[in-house]
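Below is one structure, written out as C-alpha cells, with a few remarks after it.
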C-alpha cells in the first residue's frame, strides 16, 4: 500500500494578494468564464426598458419583459401581425413556452388569422428559416468587408448580425418543434357539472403524453341529441391553465350531450365525451314539496316599510309637537353627557376600534349611556335590540313613532323599547356616527345589578367630529388605567368590559370573515337554559355553526336533492352496500354522495362523535326541508342530531 502523499503547498499567500483577488472579483475582473455570462443568460437579465418593442422581447423569449410591456400597451399590439406574417401567440405555441403563452392569453392574444392548417405552417416556417439564413449571410459579408476596409462604424452591422443570428436560432427551433409535434389526442377527461337550472360547467383535463405539443385552446360542443346533429352551440377555452367553460342559456330539465377536443399547431384532435355523457340543468328548488324563499327579500321589506311609513308620519306630527319642548330642554343638558359610574341600571357602551386602539372620552373611558335606571329582565328587549342593530338608520323614525304611541299607552314593553331608542339616539349624536356596529352576543352583568350592552365596530374610515371630543387610545393603556384605579372590591360591568375587550375585538374580527365559496354541511348542536339558547360554533368562524365544506360548487341539483330526501336519516355516513351503490351510479350523483359522506365523517370526527352512532338511523339525519343559499357562491345543508 502506497504511503499517503502530502498535499502540495501553494506557497505563502500574502494579505496584498488576497486583497487584490477580492477587489478584482468585486470589480468584475475575474476570469472570463466566471465573470461573463453566456449569451442566453445575458438576454434573460435584460430589463424591460432595454427592449425597443414587444417583438424584441418575444424573440428573446423574455416572459417578464413581455408581461411588463403588455401592461403598458392598450392599443391591441398583442394581436398585431408582424412584417414576417406572425402574431405573438405563434412564438409561444411553436416554442412550447407555456408561461409565455399564459401571459399572452391573459392579455387577450388570439391565433394567427392567416395560418390555420399544418401545410401552411410548414411552408411558412421553411420560408422564415431560409430568410433568416439569407439575411445572416448578407450581414456577415457586410461585416467582413467593413473589417477589411478598417471602417470605424461597425456597431450597426454587428447588431444586425446578432439580430438575425437570434432569429435564425428561433425559427429553426420553431420548425423543429413543429415537425416533432403530433396532432393532439382527445382530452384525458371532461367532467360535466350542474351550476344552476340553466347552466352547465365543463372541466377539461389535459391530454396525456408529451408528443402532442402545447395545447393552445379547447373546443366545446353541446347538443340535445347524442349524434350532435344539429348542434345547440359551440364554445372555446383559451385559458389552458384552468380549462373550464360555462354553458349558459340552457332549458331546464332538457338532457344535453357535451364533447371536447384539443388544438395545437397541428390542428384539432379527436373529441372526448363528457362524464357523465349527458345531464340536465336542474335545481333542488324544482322538487315537489319545496318552498322557495323570496330571492330578493330586501326590496320587499323596503316596499312594505315605505307603505307603513307615509301615513304614520303625517298622523304623529301634531302629537309629537306637544312634547318636543320639554324633551328638547332635557336633551339640551343631558344628551351629550357620558356615564362615568354605574348605578344599578341598564347601560349601552359603544366600542369603535382601529387596529389596537379604541375610541375613548376625555376621561379615558369608553362611550357609555344609560338605558334604564333600574335593572329588570330585558331578555326580550335584548333580542329586539339585536334586530334593531340591522337598521341603525331607522332609529330617528322609530323614536318619533313610538314617542307618539307612548302618549296614549302605558305598556311597559313600549316604554322599555322607547328607552332603548333614546339611548341609541343619544349615543349616535354624541359619537357623531349613526352606524354603531354589531351587538355583542352576551350582555355583561356584575354583582351590583348592572347590565351592560356592547356594540362593536371597526372604524375603517375617519369618524366625523363629535361633541364631546373623543380620541384614540391603545387597548393596553386602557387596561392599565383600569387596573390602577379599582373602584369596588367586586369588578363592575365596565371593568369586566375592559378586561374582556381584547377577546371581544378578536371575536368581532373573526365574525366578519366570510366562508369560502362552496357547498357546506353543518351540524346544529344546541344547549338550552332558562333564559337563553346557545349553539356550538367554531372558534375561527363564530358566525356559522360547526361545518365542513362538501365541494367548491354551491349548487344542488334536482337529482342530488332527491337522493337527500330518500336518505334523510342515517344515509349520509352509513355503510355503502352494493345495492345502494348501484342506485347511486344509476342516478349520476356518485361524486356528490362521496363528497357528502367524506364531509359528514370529517365533521363528526371533529366533534368526537363515534360514526357508529350515526349509522343506526336514530342519531342524526340530513335536513331536507331547505337549502340555505347566500347569493350564487354559498349554500348550506344541515345535520340535526337527536342526542350527541
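Numbering (my numbering), first residue to last: 11 to 654.
All C-beta atoms in this analysis are idealised placements derived from N, C-alpha and C, irrespective of residue type, glycine included.
These figures come from a predicted structure and were not determined experimentally.
Three-state class that DSSP yields for residue i in the structure shown
| i | result |
| --- | --- |
| residue 252 | coil |
| residue 73 | helix |
| residue 83 | coil |
| residue 602 | helix |
| residue 109 | helix |
| residue 314 | helix |
| residue 461 | strand |
| residue 537 | strand |
| residue 378 | strand |
| residue 451 | coil |
| residue 94 | coil |
| residue 554 | coil |
| residue 89 | helix |
| residue 61 | coil |
| residue 362 | strand |
Pairwise C-alpha distance: residue j and residue i
| i | j | result |
| --- | --- | --- |
| residue 420 | residue 390 | 18 Å |
| residue 249 | residue 115 | 7 Å |
| residue 562 | residue 211 | 13 Å |
| residue 252 | residue 227 | 11 Å |
| residue 423 | residue 397 | 16 Å |
| residue 512 | residue 524 | 21 Å |
| residue 571 | residue 260 | 20 Å |
| residue 110 | residue 193 | 21 Å |
| residue 435 | residue 532 | 39 Å |
| residue 607 | residue 294 | 19 Å |
| residue 238 | residue 287 | 12 Å |
| residue 394 | residue 264 | 47 Å |
| residue 370 | residue 443 | 14 Å |
| residue 102 | residue 112 | 9 Å |
| residue 517 | residue 467 | 12 Å |
| residue 560 | residue 199 | 22 Å |
| residue 458 | residue 479 | 30 Å |
| residue 610 | residue 538 | 24 Å |
| residue 180 | residue 129 | 20 Å |
Exposure label - residue i; buried when at least 16 CB within 10 Å
| i | result |
| --- | --- |
| residue 447 | buried |
| residue 218 | exposed |
| residue 314 | exposed |
| residue 207 | buried |
| residue 372 | exposed |
| residue 243 | exposed |
| residue 134 | buried |
| residue 71 | buried |
| residue 542 | exposed |
| residue 148 | exposed |
| residue 460 | buried |
| residue 81 | exposed |
| residue 291 | buried |
| residue 91 | exposed |
| residue 184 | buried |
| residue 186 | exposed |
| residue 602 | buried |
Beta carbon of residue i nearer than 8 Å to that of residue j
| i | j | result |
| --- | --- | --- |
| residue 368 | residue 376 | yes |
| residue 281 | residue 271 | yes |
| residue 492 | residue 471 | no |
| residue 2 | residue 223 | Past the edges of the chain, shown from 11 to 654, lies residue 2, and the structure says nothing about it. |
| residue 8 | residue 209 | Since the displayed the chain opens at 11 and closes at 654, residue 8 lies outside it and no answer follows. |
| residue 469 | residue 362 | yes |
| residue 510 | residue 552 | no |
| residue 463 | residue 441 | no |
| residue 502 | residue 352 | yes |
| residue 170 | residue 225 | no |
| residue 664 | residue 408 | Coverage of the chain is limited to positions 11 through 654, which leaves residue 664 absent and any answer about it impossible. |
| residue 621 | residue 614 | yes |
| residue 382 | residue 429 | yes |
Chain-order list of residues whose beta-carbon lies under 7 Å from that of residue i (same chain, five-residue window excluded)
| i | result |
| --- | --- |
| residue 425 | 416 |
| residue 108 | 224 |
Chain D within 8 Å of residue i, Cβ atoms only
| i | result |
| --- | --- |
| residue 185 | Chain labels in this structure do not include chain D; a single protein chain is all it has. |
Beta-carbon contacts of residue i that lie in its chain and below 6 Å, excluding the five residues immediately before and after
| i | result |
| --- | --- |
| residue 213 | 201, 254 |
| residue 122 | 97, 100 |
| residue 536 | 545 |
| residue 205 | 211, 565 |
Own chain partners of residue i with C-beta closer than 8 Å, once the 5 adjacent residues on each side are dropped
| i | result |
| --- | --- |
| residue 168 | 153 |
| residue 670 | Only positions 11 to 654 of the chain appear in the structure, and residue 670 is not among them; the question remains open. |
| residue 267 | 232, 233, 234, 235, 236, 238, 283, 284, 287, 288 |
| residue 589 | Confidence is the limiting factor: at residue 589 the pLDDT is only 47, short of 50, which leaves the residue's position unreliable, though a coordinate-based value still follows. Correct list: empty, nothing qualifies. |
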